[in-house]
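Visitor:
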Amino acid sequence: MQLHINKHDDIVVIEIEGEVDLYHSPSLRKELASQINHGEKKVLLDFEKVKYIDSSGLATLIEGLQKMNKSKGKFVLCGLNSSIYDIFEVARLDGVFIVKNTQKDGLDALK
Amino acid sequence: MQLHINKHDDIVVIEIEGEVDLYHSPSLRKELASQINHGEKKVLLDFEKVKYIDSSGLATLIEGLQKMNKSKGKFVLCGLNSSIYDIFEVARLDGVFIVKNTQKDGLDALK
Amino acid sequence: MARCCNSDTIQLCISSNPKYLKLVRSVILQSALIVGFSEKDSRDVTLAVDEAITNIIKHSYMSSYDKKIKINVNFRDEYLELVLRDYGKKADPKTIKSRDLKDVKPGGLGVFFIKKIMDNVCYDMSPKHGTKLILKKYFYKKNCMDNKEG
Amino acid sequence: MARCCNSDTIQLCISSNPKYLKLVRSVILQSALIVGFSEKDSRDVTLAVDEAITNIIKHSYMSSYDKKIKINVNFRDEYLELVLRDYGKKADPKTIKSRDLKDVKPGGLGVFFIKKIMDNVCYDMSPKHGTKLILKKYFYKKNCMDNKEG
Ligand SMILES: Nc1ncnc2c1ncn2[C@@H]1O[C@H](COP(=O)(O)OP(=O)(O)O)[C@@H](O)[C@H]1O
Ligand SMILES: Nc1ncnc2c1ncn2[C@@H]1O[C@H](COP(=O)(O)OP(=O)(O)O)[C@@H](O)[C@H]1O
Numbered sequence: 002m003q004l005h006i007n008k009h010d011d012i013v014v015i016e017i018e019g020e021v022d023l024y025h026s027p028s029l030r031k032e033l034a035s036q037i038n039h040g041e042k043k044v045l046l047d048f049e050k051v052k053y054i055d056s057s058g059l060a061t062l063i064e065g066l067q068k069m070n071k072s073k074g075k076f077v078l079c080g081l082n083s084s085i086y087d088i089f090e091v092a093r094l095d096g097v098f099i100v101k102n103t104q105k106d107g108l109d110a111l112k
Numbered sequence: 002m003q004l005h006i007n008k009h010d011d012i013v014v015i016e017i018e019g020e021v022d023l024y025h026s027p028s029l030r031k032e033l034a035s036q037i038n039h040g041e042k043k044v045l046l047d048f049e050k051v052k053y054i055d056s057s058g059l060a061t062l063i064e065g066l067q068k069m070n071k072s073k074g075k076f077v078l079c080g081l082n083s084s085i086y087d088i089f090e091v092a093r094l095d096g097v098f099i100v101k102n103t104q105k106d107g108l109d110a111l112k
Numbered sequence: 005m006a007r008c009c010n011s012d013t014i015q016l017c018i019s020s021n022p023k024y025l026k027l028v029r030s031v032i033l034q035s036a037l038i039v040g041f042s043e044k045d046s047r048d049v050t051l052a053v054d055e056a057i058t059n060i061i062k063h064s065y066m067s068s069y070d071k072k073i074k075i076n077v078n079f080r081d082e083y084l085e086l087v088l089r090d091y092g093k094k095a096d097p098k099t100i101k102s103r104d105l106k107d108v109k110p111g112g113l114g115v116f117f118i119k120k121i122m123d124n125v126c127y128d129m130s131p132k133h134g135t136k137l138i139l140k141k142y143f144y145k146k147n148c149m150d151n152k153e154g
Numbered sequence: 005m006a007r008c009c010n011s012d013t014i015q016l017c018i019s020s021n022p023k024y025l026k027l028v029r030s031v032i033l034q035s036a037l038i039v040g041f042s043e044k045d046s047r048d049v050t051l052a053v054d055e056a057i058t059n060i061i062k063h064s065y066m067s068s069y070d071k072k073i074k075i076n077v078n079f080r081d082e083y084l085e086l087v088l089r090d091y092g093k094k095a096d097p098k099t100i101k102s103r104d105l106k107d108v109k110p111g112g113l114g115v116f117f118i119k120k121i122m123d124n125v126c127y128d129m130s131p132k133h134g135t136k137l138i139l140k141k142y143f144y145k146k147n148c149m150d151n152k153e154g
């Protein structure tokens with residue numbers, strides 16, 4: 002898994018590439034925590050290039066969301082392909098996260 | 002591995018999809034033999050969708066080429082990606098087969 | 005579904021290091037595809053096994069990465085069977101359960117996915133050391149889900 | 005090359021059925037990538053192992069598909085080691101050689117690829133039954149190809 006991080010004004014866009022499992026989720030967790038601790042209030046996670054996620058990845062996202070909620074920020078996901086979205090749906094997380102189709106939609110939702 | 006077979010006038014185009022290894026090469030061998038025995042003199046093998054080939058696959062191609070030469074026909078390959086082409090080169094088969102870039106180039110060479 | 009094989013077994017043995025998860029996933033995915041499951045079902049079975057191995061690493065071996073995990077893939081006539089063997093701490097079966105989905109919190113989804121995806125999930129605690137987790141998925145769903153647990 | 009692990013081993017056991025070749029390839033590809041080989045080198049190592057298994061199926065087991073093949077992937081400090089164990093017919097070492105590339109004919113390229121790709125190829129005929137084929141590829145090429153055989 003690789004993380005590509007860009008800033009669009011006050012929005013931090015994290016593009017995730019690869020597989021988010023027990024091996025890779027710690028570095029995503031670390032990145033999210035550091036962005037939030039650093040005071041960022043708007044984070045967009047782009048899943049366009051994510052091929053796989055398991056419950057460790059989901060746990061990491063829930064942790065990020067809850068941290069962000071505590072600091073009154075906004076946390077948006079975008080670009081989930083259908084098999085990734087399935088997993089969110091099965092775990093009833095589709096209603097828990099704000100999920101947008103494209104990165105553009107995600108940015109709009111955060112503006 | 003799947004074979005998709007089309008005819009363009011007197012040219013038989015066989016599009017190979019997948020992996021040509023010991024498991025799958027027998028069905029390619031059978032198809033080539035049946036086309037040649039059936040009297041076809043122009044065969045184009047399109048490798049565009051071939052992800053992997055090993056020596057069983059190469060052996061099958063050499064057998065096809067030699068059969069075709071015996072029956073005074075023409076046998077052309079096209080669409081090899083660079084890692085597949087590498088394998089032909091290492092085995093010094095790049096000079097043994099007629100190898101074209103695109104299916105169009107392959108058809109032109111057989112017209 | 006085009007099934008091709010009689011009873012047959014693949015064995016894979018790894019150490020309990022998360023870096024091998026991807027390799028395990030590719031073995032399970034290939035196995036499910038070979039035996040004729042759809043792409044979707046094969047991905048699901050792969051997720052279930054990933055979750056089970058993740059739990060072994062986290063809970064049975066408390067995240068030490070040099071312990072042994074054995075994975076048997078058994079191709080049976082009516083189902084695909086995955087047997088995961090560890091030699092770590094045995095769990096109290098009562099603690100192996102997924103959280104309430106409505107109680108959103110980090111964690112607690114692994115067992116949920118395993119039970120959701122597989123037709124039969126059995127934690128066999130009878131070995132002297134460690135646990136034998138037996139997961140089955142049938143090729144054709146039975147009418148009465150009589151073998152559905154949990 | 006980012007190497008990450010100490011001595012460690014993965015074991016895979018399959019039956020001698022060509023339908024498992026793809027699964028073996030994915031294990032070998034992942035192993036080579038984990039250990040830090042480039043995509044190209046990883047694909048090459050995968051081809052070498054595919055050829056070696058193909059030869060075991062064809063020559064040691066004369067194409068019977070229900071025999072046992074054990075594959076050990078050993079992550080060593082300086083090299084990746086693949087050990088392929090079969091329990092079939094032993095070969096006369098003199099017959100295990102690739103054909104002259106100029107003499108184009110179907111077959112005879114498997115051993116060529118194995119020797120071309122791997123730094124060290126050893127057919128160990130000492131086991132009572134069958135053969136142990138040991139393949140090594142170093143992470144950094146040695147100066148004097150002193151361990152290059154064949
Ligand atoms: N292999 C195992 N060994 C011991 N306990 C386990 C094992 N698998 C699951 N458990 C128990 O089941 C609980 C639920 O597991 P799971 O749904 O995967 O969530 P999580 O691992 O995130 O807690 C775990 O917290 C643990 O107590
Ligand atoms: N595992 C093996 N057991 C017995 N003989 C083998 C084995 N591997 C290779 N050989 C011998 O080496 C020869 C060359 O092998 P190879 O280059 O793979 O070509 P092919 O298998 O197409 O003949 C084979 O014909 C066979 O005689």
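First to last, the sequence lines map onto chains A, B, C and D.
Read in our numbering, the first sequence has 7 at position 6, and its numbers run on one by one without any break.
Read in our numbering, the second sequence has 58 at position 57, and its numbers run on one by one without any break.
Read in our numbering, the third sequence has 47 at position 43, and its numbers run on one by one without any break.
Read in our numbering, the fourth sequence has 131 at position 127, and its numbers run on one by one without any break.
For glycine and all other residues, C-beta sits at the position ideal for the given N, C-alpha and C.
Can you tell me which residues fall inside 5 Å of ligand 1, judged by beta-carbon distance to its nearest heavy atom, and keep chain order?
Guide: With the cut-off at 5 Å, the residues found are 59(C), 60(C), 63(C), 64(C), 95(C), 99(C), 100(C), 102(C), 111(C), 112(C), 114(C) and 115(C).
Visitor: Along chain D, in chain order, which residues have C-beta atoms closer than 7 Å to that of residue 12(C)?
Guide: Against the third sequence, residue 12(C) aligns to sequence position 8. Under the 7 Å cutoff, chain D gives 19.
Visitor: Would you kindly check if the distance between the Cβ of residue 36(C) and the Cβ of residue 118(C) is under 8 Å?
Guide: Taking the first residue of the third sequence as position 1, residue 118(C) is located at position 114. Taking the first residue of the third sequence as position 1, residue 36(C) is located at position 32. In this structure, residue 36(C) does not lie closer than 8 Å to residue 118(C) by Cβ.
Visitor: Please confirm whether residue 34(B) has its beta-carbon closer than 8 Å to some beta-carbon of chain D.
Guide: Counting from 1 along the second sequence, the entry for residue 34(B) is found at position 33. Chain D contact via Cβ: absent.
Visitor: Please tell me whether residue 21(B) has its Cβ less than 8 Å away from any Cβ of chain D.
Guide: Looking up residue 21(B) in the second sequence gives position 20. No, its Cβ sits nowhere closer than 8 Å to a Cβ of chain D.
Visitor: Assuming residue 78(A) contacts residue 63(A) (C-beta within less than 8 Å), just tell me the rounded distance between them.
Guide: Counted from its first residue, the first sequence places residue 78(A) at position 77. Counted from its first residue, the first sequence places residue 63(A) at position 62. No, residue 78(A) and residue 63(A) are not in contact; Cβ-Cβ is about 12 Å, not under 8 Å.
Visitor: Spell out whether any CB of chain C is found under 8 Å from the CB atom of residue 7(D).
Guide: Residue 7(D) sits at position 3 when you count from the first residue of the fourth sequence. In this prediction, residue 7(D) scores a pLDDT of 42, lower than 50, which makes its location untrustworthy; the coordinate-derived value is nonetheless stated afterwards. With 8 Å as the cut-off, residue 7(D) does not count as an interface residue toward chain C.
Visitor: Leaving out five residues before and five after residue 102(B) in sequence, what residues of the same chain have Cβ atoms less than 8 Å from its Cβ?
Guide: Within the second sequence, residue 102(B) is the residue found at index 101, counting from 1. Taken in chain order, the residues that qualify are 79 and 80.
Visitor: Is it buried or exposed, residue 21(C), if we count other Cβ atoms within 10 angstroms and call 16 or more buried?
Guide: Residue mapping note: residue 21(C) aligns to position 17 of the third sequence, counting from 1. Its Cβ being crowded by 16 or more others within 10 Å, residue 21(C) is buried.
Visitor: Quick check: does the Cβ of residue 56(B) come within less than 7 Å of any heavy atom belonging to ligand 2?
Guide: The residue given as residue 56(B) occupies position 55 in the second sequence. Yes, since a heavy atom of ligand 2 falls inside the 7 Å radius drawn around the Cβ of residue 56(B).
Visitor: Can you check which of these residues, 39(A), 28(A), 71(A) and 42(A), is closest to residue 58(A) by C-alpha distance?
Guide: Here residue 58(A) corresponds to residue number 57 of the first sequence, with the count starting at 1. Cα-wise, what sits closest to residue 58(A) is 28(A).
Visitor: What's the C-alpha gap between residue 125(C) and residue 111(C)?
Guide: Within the third sequence, numbered from 1, the residue matching residue 125(C) stands at position 121. Within the third sequence, numbered from 1, the residue matching residue 111(C) stands at position 107. Cα to Cα, the separation comes out at about 20 Å.
Visitor: Within 8 Å (strictly less), CB to CB, does residue 110(D) reach chain B?
Guide: Start at 1 with the first residue of the fourth sequence, and residue 110(D) comes out as number 106. Output row for residue 110(D): interface = yes.
Visitor: May I have the straight-line CA-CA distance separating residue 72(C) from residue 135(C), to the nearest angstrom?
Guide: In the third sequence, residue 72(C) corresponds to position 68, counting from 1. In the third sequence, residue 135(C) corresponds to position 131, counting from 1. Looking at the two C-alpha atoms, the distance is approximately 12 Å.
Visitor: Any idea which residues DSSP pairs residue 31(C) with across the strands?
Guide: Against the third sequence, residue 31(C) aligns to sequence position 27. Paired residue(s): none; residue 31(C) is not in a bridge.
Visitor: Chain A partners of residue 88(C), CB-CB under 8 Å?
Guide: On the third sequence, residue 88(C) is found 84 positions in, with the first residue counted as 1. Within 8 Å Cβ-Cβ: nothing; residue 88(C) doesn't reach chain A, min ~15 Å.
Visitor: Let me confirm a value: residue 12(A) is counted as buried when at least 16 other C-beta atoms fall within 10 Å, else exposed. Which label applies?
Guide: The residue you call residue 12(A) lines up with position 11 of the first sequence. Residue 12(A) comes out buried.
Visitor: By DSSP's criteria, residue 15(D) is part of a beta bridge. Which residues make up the other side?
Guide: Stepping through the fourth sequence from its first residue, residue 15(D) is reached at position 11. Bridge partners of residue 15(D): 17(C) and 76(D).
Visitor: Please work out which residues of its chain come closer than 8 Å, Cβ to Cβ, to residue 116(C), disregarding the five sequence neighbours upstream and downstream, and give them in chain order.
Guide: As a first step, residue 116(C) must be located in the third sequence, where it is residue number 112. The residues are 102, 103 and 105.
Visitor: Could you please give the first and the last residue of the uninterrupted beta strand (DSSP E) stretch that includes residue 48(B)?
Guide: As a first step, residue 48(B) must be located in the second sequence, where it is residue number 47. 43-54 is the span of the beta strand (DSSP E), which, as asked, contains residue 48(B).
Visitor: Spell out a yes or no on whether the segment 67-78 of chain A and the segment 27-43 of chain A are touching, meaning 3 or more CB-CB pairs, one atom from each, closer than 8 Å.
Guide: Cβ pair count under 8 Å is three or more, so yes.
Visitor: Start and end of the beta strand (DSSP E) containing residue 142(C)?
Guide: Within the third sequence, numbered from 1, the residue matching residue 142(C) stands at position 138. That run of the beta strand (DSSP E) goes 135-142.
Visitor: Distance check for residue 93(A) and residue 48(C), CA to CA, integer angstroms please.
Guide: Locating residue 48(C) in the third sequence gives position 44, counting from the first residue. Locating residue 93(A) in the first sequence gives position 92, counting from the first residue. Each residue's Cα considered, the two are about 16 Å apart.
Visitor: CB residue 140(C) to CB residue 91(A), shorter than 8 Å?
Guide: Looking up residue 140(C) in the third sequence gives position 136. Looking up residue 91(A) in the first sequence gives position 90. Not closer than 8 Å, so no.
Visitor: According to DSSP, residue 16(B) sits in a beta bridge with which residue or residues?
Guide: The residue given as residue 16(B) occupies position 15 in the second sequence. In DSSP, residue 16(B) forms a bridge with 5(B) and 47(B).
Visitor: Closer than 8 Å, CB to CB, is residue 56(B) near chain D or not?
Guide: For the purposes of this step, residue 56(B) is taken as residue 55 along the second sequence, with counting starting at 1. Residue 56(B) counts as touching chain D.
Visitor: I'd like to know if residue 23(D) contacts chain B, where contact means its C-beta is closer than 8 Å to some C-beta of that chain.
Guide: Here residue 23(D) corresponds to residue number 19 of the fourth sequence, with the count starting at 1. Closer than 8 Å: yes.
Visitor: Just to confirm my understanding: we take residue 55(D), look at its own chain, exclude 5 residues before and 5 after, and list those with CB closer than 6 Å. What are they?
Guide: Counted from its first residue, the fourth sequence places residue 55(D) at position 51. Result list for residue 55(D): 114, 117 and 118, in chain order.
Visitor: Which residues in the same chain have their Cβ closer than 8 Å to the Cβ of residue 74(B), if we skip the five residues on either side of it in sequence?
Guide: Within the second sequence, residue 74(B) is the residue found at index 73, counting from 1. Once the five neighbours on either side are set aside, the close Cβ partners of residue 74(B) are 37, 41, 42, 43 and 44.
Visitor: Counting only C-beta atoms, is residue 64(A) closer than 8 Å to chain C at any point?
Guide: On the first sequence, residue 64(A) is found 63 positions in, with the first residue counted as 1. Answer yes: the Cβ-Cβ gap between residue 64(A) and chain C drops below 8 Å somewhere.
Visitor: With burial defined as no fewer than 16 other Cβ atoms inside 10 Å of the residue's Cβ, what is the status of residue 82(B): buried or exposed?
Guide: As a first step, residue 82(B) must be located in the second sequence, where it is residue number 81. It is exposed - the Cβ of residue 82(B) has fewer than 16 other Cβ atoms within 10 Å.
Visitor: Is residue 2(A) buried or exposed, if buried means 16 or more other CB atoms sit within 10 Å of its CB?
Guide: Counting from 1 along the first sequence, the entry for residue 2(A) is found at position 1. Label assigned to residue 2(A): buried.
Visitor: Taking residue 52(A) as the reference, give the member of 20(A), 104(A) and 31(A) with the closest Cα.
Guide: Looking up residue 52(A) in the first sequence gives position 51. Among 20(A), 104(A) and 31(A), the Cα nearest to that of residue 52(A) is on 20(A).
Visitor: Tell me the DSSP secondary structure of residue 124(D) in three-state form.
Guide: Numbered from its first residue, the fourth sequence carries residue 124(D) at position 120. Note: residue 124(D) maps to strand in three-state DSSP.
Visitor: Give me the residue from 94(C), 39(C) and 25(C) with the minimum Cα distance to residue 69(C).
Guide: As a position in the third sequence, residue 69(C) is number 65, starting the count at 1. The shortest Cα separation from residue 69(C) among 94(C), 39(C) and 25(C) belongs to 25(C).
Visitor: Can you name, in chain order, every residue of its own chain whose Cβ lies under 7 Å from the Cβ of residue 7(C), other than the five neighbours on each side?
Guide: As a position in the third sequence, residue 7(C) is number 3, starting the count at 1. Confidence in residue 7(C) is poor, its pLDDT being 42 and thus under 50, which makes the residue's placement unreliable; the coordinate value appears in the next sentence. Correct list, in chain order: 39, 40 and 143.
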